[in-house]
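My numbering applies: residue 269 is where the sequence shown begins, and numbers increase by one.
All C-beta atoms, glycine included, are put in the ideal place defined by N, C-alpha and C.
Bear in mind the structure is a predicted one, so any value in this text is a computation, not a measurement.
Single-structure report; data block below.
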Amino acid sequence: MENYDPTRIPKLIDALQRVWEGQPDLSLSALLGTLRNRGAGWGTSDEEMLEILNAMEAEHPSLVRWPAETPMTVQTTAPEQRVTLSGSDVVVRPVGEDARMPSAWKATHFRAVGPGRSLIVTDSEGIEHRLGVVTLVHALDPDEVPPLEGLEQPDVGGARWFVGFEDGSRAIVGQRITLWRPEGRRATSQESYKFARIFSCEQGAEMYIAPAGGGEPVSLGRVAHVVLVDL
Numbered sequence: 269m270e271n272y273d274p275t276r277i278p279k280l281i282d283a284l285q286r287v288w289e290g291q292p293d294l295s296l297s298a299l300l301g302t303l304r305n306r307g308a309g310w311g312t313s314d315e316e317m318l319e320i321l322n323a324m325e326a327e328h329p330s331l332v333r334w335p336a337e338t339p340m341t342v343q344t345t346a347p348e349q350r351v352t353l354s355g356s357d358v359v360v361r362p363v364g365e366d367a368r369m370p371s372a373w374k375a376t377h378f379r380a381v382g383p384g385r386s387l388i389v390t391d392s393e394g395i396e397h398r399l400g401v402v403t404l405v406h407a408l409d410p411d412e413v414p415p416l417e418g419l420e421q422p423d424v425g426g427a428r429w430f431v432g433f434e435d436g437s438r439a440i441v442g443q444r445i446t447l448w449r450p451e452g453r454r455a456t457s458q459e460s461y462k463f464a465r466i467f468s469c470e471q472g473a474e475m476y477i478a479p480a481g482g483g484e485p486v487s488l489g490r491v492a493h494v495v496l497v498d499l
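Structural data, given as structure tokens:
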């Protein structure tokens with residue numbers, strides 16, 4: 269049935285605008301190509317198109333306000349960083365500086381987050397951290413990744429987790445595990461582990477892994493908290 273109701277148009281245009289504002293690096297033709305790849309075509313109804321647009325916006329929102337309902341990783345420039353905001357947890361990872369230990373702290377607020385805006389996060393002591401200009405927001409769905417407990421290395425995929433330990437050590441778990449341990453007040457040491465399986469990684473318990481190639485389980489420390497930082 270033909271739809272001649274013009275009042276439906278602003279709703280669709282607004283949804284398209286929010287999707288594009290969430291990924292402003294895309295040209296209009298690239299955005300339309302992405303819609304086609306999602307199944308949009310000549311026969312797509314307005315209702316189906318709105319569902320596709322809403323799904324795309326949920327993945328890369330154009331604007332997020334405190335408190336965020338969904339964990340997210342925010343890419344920034346000046347400086348280039350990947351900043352994960354998950355509840356009150358903040359994890360900051362410099363891009364291109366894999367040797368640097370990630371910083372992690374608690375937030376009590378952040379200003380509205382979206383591409384083109386400054387990422388400003390307030391910590392538990394009331395200090396504002398200016399973390400760069402946002403280029404992309406990526407929503408994280410913890411249900412899309414397996415739990416760390418019992419995780420086998422081939423099942424990691426593109427997921428990454430931050431693990432904070434009670435002694436101040438920090439780790440990023442991915443295809444391998446990078447572990448930073450504090451050495452004095454300012455220095456840190458870095459270790460890298462290839463693993464076959466993670467036996468345990470629960471808050472308040474020791475993190476044990478099975479080394480790749482066999483051998484006795486290795487303890488990395490007592491876990492303080494775990495944060496999913498990438499999908």
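Inter-residue Cα distance where the pair is residue i and residue j
{"i": "residue 448", "j": "residue 375", "result": "22 Å"}
{"i": "residue 383", "j": "residue 482", "result": "45 Å"}
{"i": "residue 397", "j": "residue 310", "result": "47 Å"}
{"i": "residue 349", "j": "residue 299", "result": "25 Å"}
{"i": "residue 429", "j": "residue 444", "result": "11 Å"}
{"i": "residue 493", "j": "residue 332", "result": "24 Å"}
{"i": "residue 334", "j": "residue 305", "result": "32 Å"}
{"i": "residue 280", "j": "residue 318", "result": "6 Å"}
{"i": "residue 467", "j": "residue 392", "result": "33 Å"}
{"i": "residue 465", "j": "residue 434", "result": "22 Å"}
{"i": "residue 361", "j": "residue 344", "result": "11 Å"}
{"i": "residue 273", "j": "residue 326", "result": "27 Å"}
{"i": "residue 501", "j": "residue 457", "result": "Summary: the structure shown does not reach residue 501, with the chain confined to residues 269 through 499, and so no result is reported for it."}
{"i": "residue 285", "j": "residue 292", "result": "10 Å"}
{"i": "residue 261", "j": "residue 312", "result": "Not covered by the structure: residue 261. The range shown for the chain is 269 to 499."}
{"i": "residue 315", "j": "residue 337", "result": "25 Å"}
The alpha helix (DSSP H) enclosing residue i, as first and last residue numbers
{"i": "residue 288", "result": "277-290"}
{"i": "residue 387", "result": "Segment 386-391 is the beta strand (DSSP E) holding residue 387; no alpha helix (DSSP H) there."}
{"i": "residue 445", "result": "Unbroken run through residue 445 is the beta strand (DSSP E), 445-451; no alpha helix (DSSP H)."}
{"i": "residue 323", "result": "314-327"}
{"i": "residue 368", "result": "Where residue 368 is concerned, there is no enclosing alpha helix (DSSP H), given that its DSSP letter is neither H nor E."}
{"i": "residue 304", "result": "296-305"}
For residue i: DSSP bridge partner residues
{"i": "residue 373", "result": "358"}
{"i": "residue 496", "result": "429"}
{"i": "residue 454", "result": "Residue 454 pairs with nothing; no bridge assigned."}
{"i": "residue 487", "result": "476"}
{"i": "residue 424", "result": "Partner(s): none; residue 424 has no beta bridge."}
{"i": "residue 353", "result": "340, 358"}
{"i": "residue 459", "result": "447"}
{"i": "residue 380", "result": "According to DSSP, which records beta bridges pairwise, residue 380 is partnered with nothing at all."}
{"i": "residue 439", "result": "431, 447"}
8 Å Cβ cutoff met for residue i and residue j
{"i": "residue 363", "j": "residue 378", "result": "no"}
{"i": "residue 497", "j": "residue 431", "result": "no"}
{"i": "residue 342", "j": "residue 402", "result": "yes"}
{"i": "residue 301", "j": "residue 320", "result": "no"}
{"i": "residue 404", "j": "residue 340", "result": "no"}
{"i": "residue 322", "j": "residue 380", "result": "no"}
{"i": "residue 499", "j": "residue 413", "result": "yes"}
{"i": "residue 354", "j": "residue 290", "result": "no"}
{"i": "residue 416", "j": "residue 399", "result": "no"}
Limits of the beta strand (DSSP E) - the one that residue i falls within
{"i": "residue 396", "result": "396-407"}
{"i": "residue 464", "result": "463-468"}
{"i": "residue 474", "result": "474-479"}
{"i": "residue 338", "result": "Per DSSP, residue 338 belongs to no beta strand (DSSP E) and is neither H nor E."}
Contact with chain D by residue i, beta-carbon distance below 8 Å
{"i": "residue 363", "result": "Absent here is chain D; the protein component of the structure consists of one chain."}
DSSP three-state assignment for residue i, whether helix, strand or coil
{"i": "residue 417", "result": "coil"}
{"i": "residue 348", "result": "coil"}
{"i": "residue 434", "result": "coil"}
{"i": "residue 293", "result": "coil"}
{"i": "residue 273", "result": "coil"}
Residue i CB to nearest heavy atom of the ligand COA below 7 Å
{"i": "residue 326", "result": "Here there are no bound small molecules, and the ligand COA is not part of this structure."}
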